[in-house]
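Number of protein chains: 4
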Amino acid sequence: MTDKRKAILKSALLLFTERGFHGTPTSLIAREAGVATGTLFHYFGTKENLISDLYLEIKREAGKVMSEGTDTGDDTTSGLRRIASNYVSWGIRNPAKIKFMEQFCLSPFVPDETREEGVSNFLFLAGLFEKGITSGEIKPLPVELAIKMAAEFLNGVISYIIRQGPCCDANEIFELAYPVLEDGLRKR
Amino acid sequence: MTDKRKAILKSALLLFTERGFHGTPTSLIAREAGVATGTLFHYFGTKENLISDLYLEIKREAGKVMSEGTDTGDDTTSGLRRIASNYVSWGIRNPAKIKFMEQFCLSPFVPDETREEGVSNFLFLAGLFEKGITSGEIKPLPVELAIKMAAEFLNGVISYIIRQGPCCDANEIFELAYPVLEDGLRKR
Amino acid sequence: MTDKRKAILKSALLLFTERGFHGTPTSLIAREAGVATGTLFHYFGTKENLISDLYLEIKREAGKVMSEGTDTGDDTTSGLRRIASNYVSWGIRNPAKIKFMEQFCLSPFVPDETREEGVSNFLFLAGLFEKGITSGEIKPLPVELAIKMAAEFLNGVISYIIRQGPCCDANEIFELAYPVLEDGLRKR
Amino acid sequence: MTDKRKAILKSALLLFTERGFHGTPTSLIAREAGVATGTLFHYFGTKENLISDLYLEIKREAGKVMSEGTDTGDDTTSGLRRIASNYVSWGIRNPAKIKFMEQFCLSPFVPDETREEGVSNFLFLAGLFEKGITSGEIKPLPVELAIKMAAEFLNGVISYIIRQGPCCDANEIFELAYPVLEDGLRKR
DNA sequence: AATGAATGAGTTTTCATTCAT
DNA sequence: TATGAATGAAAACTCATTCAT
Chain A
885 MTDKRKAILK SALLLFTERG FHGTPTSLIA REAGVATGTL FHYFGTKENL
935 ISDLYLEIKR EAGKVMSEGT DTGDDTTSGL RRIASNYVSW GIRNPAKIKF
985 MEQFCLSPFV PDETREEGVS NFLFLAGLFE KGITSGEIKP LPVELAIKMA
1035 AEFLNGVISY IIRQGPCCDA NEIFELAYPV LEDGLRKR
Chain B
885 MTDKRKAILK SALLLFTERG FHGTPTSLIA REAGVATGTL FHYFGTKENL
935 ISDLYLEIKR EAGKVMSEGT DTGDDTTSGL RRIASNYVSW GIRNPAKIKF
985 MEQFCLSPFV PDETREEGVS NFLFLAGLFE KGITSGEIKP LPVELAIKMA
1035 AEFLNGVISY IIRQGPCCDA NEIFELAYPV LEDGLRKR
Chain C
885 MTDKRKAILK SALLLFTERG FHGTPTSLIA REAGVATGTL FHYFGTKENL
935 ISDLYLEIKR EAGKVMSEGT DTGDDTTSGL RRIASNYVSW GIRNPAKIKF
985 MEQFCLSPFV PDETREEGVS NFLFLAGLFE KGITSGEIKP LPVELAIKMA
1035 AEFLNGVISY IIRQGPCCDA NEIFELAYPV LEDGLRKR
Chain D
885 MTDKRKAILK SALLLFTERG FHGTPTSLIA REAGVATGTL FHYFGTKENL
935 ISDLYLEIKR EAGKVMSEGT DTGDDTTSGL RRIASNYVSW GIRNPAKIKF
985 MEQFCLSPFV PDETREEGVS NFLFLAGLFE KGITSGEIKP LPVELAIKMA
1035 AEFLNGVISY IIRQGPCCDA NEIFELAYPV LEDGLRKR
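Protein chains in written order, with the numbering used here: chain A, 885 to 1072; chain B, 885 to 1072; chain C, 885 to 1072; chain D, 885 to 1072.
And the structure:
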């Protein structure tokens, strides 16, 4: 991937989250990226394409980051903890990407087919939850519901940590918050 | 409040959630509301004012709905269950309002002071959580974190139910999902 | 029809013939017409619509001018002379309209359906030629061919007169040129 | 002349007639010609130069084709018939070139000096008409007027034949149409 | 000679807002 | 109060042209 393309995606991420999609002129994205307007359209064709590509890139990264250090042999409880920890730690280091996902996952600016392609990066989670339900580790819930609840929960944690500012101990907060999810999901 | 004012707010809610803030022309809002463009500006002055008023209206309604049937004498566990049930049931009946809150709570279109005023409708939640922590009913967490986690969790449940379509049994899903929150928060 | 609308059509006519369709910015048309750019789009919606409306207006005027002072009882020879004279005299007084028709009748900027609607203003010519062929006044030709030949011929005369400049005697030239058409069409 | 240069001129002819001068990007011309954009500018320098060269090429070809098989000793009547026949037959086989001449002879895209150079290919027609007028074969008309009338007339015939589609008998139509011109010009 | 990525001025079009009625 | 024609600044996007390779 070209340097210019990367620079455009980087500017777009920051500006979209700060000012919204329609609130961010393509001319501004280009200027911040240090390229000409035409270059943006050379690489992405349309503004919609740009946000769509950005969406996919972030979803792919999130999916990849989550699964780092996990193993298909893991039990659900420890696998989930690892994933949650990966995700939160990545989210804290990449607040703009979290904000982007929150704002644009449900927005009308990302075309439906792109959204579907983005979801595909998280299919491994479904497998993990199914295993946990079968083994009796976690409550018998519809898998999609469980994923949704967990995801929103973790986003809440991340956004709380970010709001506290950089001087708080993120780890400490995670250790405080995570048991809520773990205890909540565990079958009793 | 005049009929025309109400009609404008109603159109604005639908259109903003479907097309975004900048993606919705004031002329379209006015047309859908059956009034002239000038009338919109007569009532709201600017487009920013319109979204700001809409935000407050919805936050006020959400706050009011949540606390229905609760009592300051309630213990945290049963109070929280009532609030959660009120909120989810209102959310399912008003999907556009949920979508609006998800999209615009963190967006740059709502001025900060409006956001603060909106949050004031949920202060009673802080009291409830504090009481629960003091009495040992729930885990000792920062109150703001607990609120954030609970709110995101419930939004996740609502959005899952809405996505399932109208033929699913919303109550059944709530009864399945809610224990996750309750068990998660409870001190053990 | 509003004054502003008329002014826009007038500017557009001059500028399109002088600089071509794509060579004429809408901003320039508006400026020359003494209105804001937005006003142009308020009345015509798109630039394509503007040229299409202009085309129809001119075709309608040409058709109306041609048939002035004719009578369904006329024989073809005298009817045709009258029409030709009307057309040439109108063409000399409205060189921009002639130039517009020459440049845009066959151009890709006028949509096909508009072209068809424009042609409808000249259907009365077909009747005249048919009568002349039946009565043996003029050569037995496909009517459409005869119309096409006559039209191109007269355009040639007009453009010659215009090119000679305003000091030439237009009438004299017409009297010199017209017999070529008349003698050419007459059956011998 | 290189193959690439030829290919560019060929694409340009088709695209200019289909989409107009400003409506045809140089990048498209290059792509259709199977060369890089830079190559187009290597051969022609500017887009204006390209259309200008194309104009001259076509005018030169038209002039050459017309005079084929004529002889300075011919009388005007038979010379003219030969020229007309040559022109119509070439026009039918090269509809894009006819369309190009119709659209761009009077357009602002061809610089005046190019237009003058193009006209030089038809000077031999002036000689022919003068001879016919002197000898009393044809009506005493200004030579330029006579040329203009004849040219427009023949263009009308060609465009009629083209519009009829490929299944019509072009020769038959020419034999029907040509006498109109001949009889019209002949002195009586 | 030939390429095509990069440029940025210029284009069509939109839309918040005003104001005379 | 209510209207909607008129405005013009600002947006997305295009494209002739250049130039390093």
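Beta carbons: idealized from backbone N, C-alpha and C, even for Gly.
Note that the structure is predicted; figures quoted are calculated from it, not measured.
Tell me where the alpha helix (DSSP H) around T877 of chain C begins and ends. It is not possible to answer for residue 877 of chain C, since the shown part of chain C is limited to 885 through 1072.
At what residues does the alpha helix (DSSP H) containing H926 of chain D begin and finish? 921-928
Apart from the five residues just before and just after R965 of chain B, which ones in its own chain have a Cβ nearer than 8 Å to its Cβ? Y1062, E1066
What would DSSP say about R977 of chain C, mapped onto helix, strand or coil? helix
Report the residue from A:N1055, A:D1053, A:F1013 whose alpha carbon sits nearest the alpha carbon of L1069 of chain A. For the residues A:N1055, A:D1053, A:F1013, the minimum Cα distance to L1069 of chain A belongs to A:F1013.
Using a Cβ cut-off of 8 Å, which residues of the segment 984-1000 of chain A contact any Cβ in chain B, in chain order? Residues passing the 8 Å Cβ filter: E986, Q987, L990, S991, P992, F993.
Cβ distance (whole Å) where V972 of chain D is taken to contact M1033 of chain C below 8 Å: 12 Å between Cβ atoms; not a contact.
For chain C, find out if any of its Cβ atoms is closer than 8 Å to the Cβ of G1040 of chain D; answer yes or no. yes
For the segment 940-954 of chain C and the segment 999-1013 of chain C, state whether three or more C-beta atom pairs, one from each stretch, are separated by less than 8 Å. yes
Applying a beta-carbon distance threshold of less than 9 Å, which residues of chain D neighbour G1049 of chain C? Correct list: empty, because the minimum Cβ distance to chain D is about 13 Å.
To the nearest angstrom, how far is the alpha carbon of G957 of chain B from that of I1046 of chain B? 33 Å
Every unbroken alpha helix (DSSP H) inside the segment 1003-1060 of chain B [4 residues or more]: 1007-1018, 1027-1048
Pairwise C-alpha distance: L912 of chain B and S1004 of chain C: 38 Å
Contact criterion: CB-CB distance below 8 Å. Does H926 of chain B meet it with respect to chain A? no
Looking only at its chain, what residues have a beta carbon closer than 7 Å to the beta carbon of G963 of chain B, apart from the 5 residues adjacent to it on each side? T954, L1012
If you draw a straight line from the alpha carbon of C884 of chain C to that of R915 of chain B, how long is it in whole angstroms? This structure does not reach residue 884 of chain C, given that chain C is present from 885 up to 1072, and the question cannot be answered.
Looking only at C-alpha atoms, which of B:A1054, B:K890, B:M885, B:R1072 sits nearest to N970 of chain B? B:A1054
My assumption, with CB atoms under 8 Å, is that L1060 of chain C sits in contact with L1025 of chain D. Please give the rounded CB distance. Between L1025 of chain D and L1060 of chain C the Cβ distance is about 6 Å, and since that is below 8 Å, they are a contact.
Kindly indicate the opening and closing residues of the alpha helix (DSSP H) around F900 of chain B. 887-903
Apply the 10 Å Cβ neighbour rule to K983 of chain B and answer buried if 16 or more other Cβ atoms are within range, or exposed otherwise. Buried is the call here.
Can you tell me which of C:L1038, C:G918, C:T910, C:L938 puts its alpha carbon nearest to the alpha carbon of F925 of chain C? C:T910
Between T960 of chain B and K1015 of chain B, is the Cβ-Cβ spacing less than 8 Å? yes
Could you check if G918 of chain B is buried or exposed, using at least 16 other CB atoms within 10 Å of its CB as the buried criterion? Exposed, since its Cβ has fewer than 16 Cβ neighbours within 10 Å.
Name the residue from A:L990, A:K1071, A:G929, A:Y1044 whose alpha carbon lies nearest to the alpha carbon of E1021 of chain A. Nearest C-alpha to E1021 of chain A: A:K1071.
Taking Cβ-Cβ distances shorter than 8 Å, what residues in chain D pair up with A1035 of chain C? Listed along chain D, the residues sitting closer than 8 Å to A1035 of chain C by beta-carbon distance are G1040.
Which one of D:R944, D:T923, D:Q987, D:S1043 has the shortest CA to CA distance from L899 of chain D? D:Q987
Examine the ligand GTP and report whether any of its heavy atoms sits within less than 7 Å of the Cβ of T961 of chain B. Looking for the ligand GTP in the displayed structure turns up nothing, as the structure carries no ligands at all.
Note down the Cα distance separating G929 of chain A from D937 of chain A, rounded to an integer number of angstroms. A straight-line Cα-Cα distance of about 11 Å links G929 of chain A and D937 of chain A.
How many Å lie between L990 of chain B and I967 of chain B at the Cα? Rounded to whole angstroms, L990 of chain B to I967 of chain B spans 23 Å at the Cα level.
Give the interface partners of K1015 of chain D over in chain C, defined as CB-CB distance under 9 Å, in chain order. Within chain C, no residue comes near K1015 of chain D; the closest Cβ sits about 18 Å away, beyond 9 Å.
Cross-chain neighbours of R1072 of chain D in chain C, by beta carbon under 7 Å: D1067
Using a Cβ-Cβ cutoff of 8 Å, what residues of the segment 899-915 of chain A are near chain B? List them in chain order. E902, R903, G904, F905, H906, G907
Identify whether R1070 of chain D lies in helix, strand or coil by the three-state DSSP scheme. strand
I need the boundaries of the alpha helix (DSSP H) containing I940 of chain D, first residue and last residue. Contrary to the premise, residue 940 of chain D reads as Leu rather than Ile in this sequence. First-last of the alpha helix (DSSP H) with L940 of chain D: 931-950.
D887 of chain D to L893 of chain D, Cα distance in whole Å? 10 Å
Chain-ordered chain A contacts of E1056 of chain B [CB-CB under 9 Å]: Those do not exist, as E1056 of chain B stays about 10 Å from chain A at its closest Cβ, beyond 9 Å.
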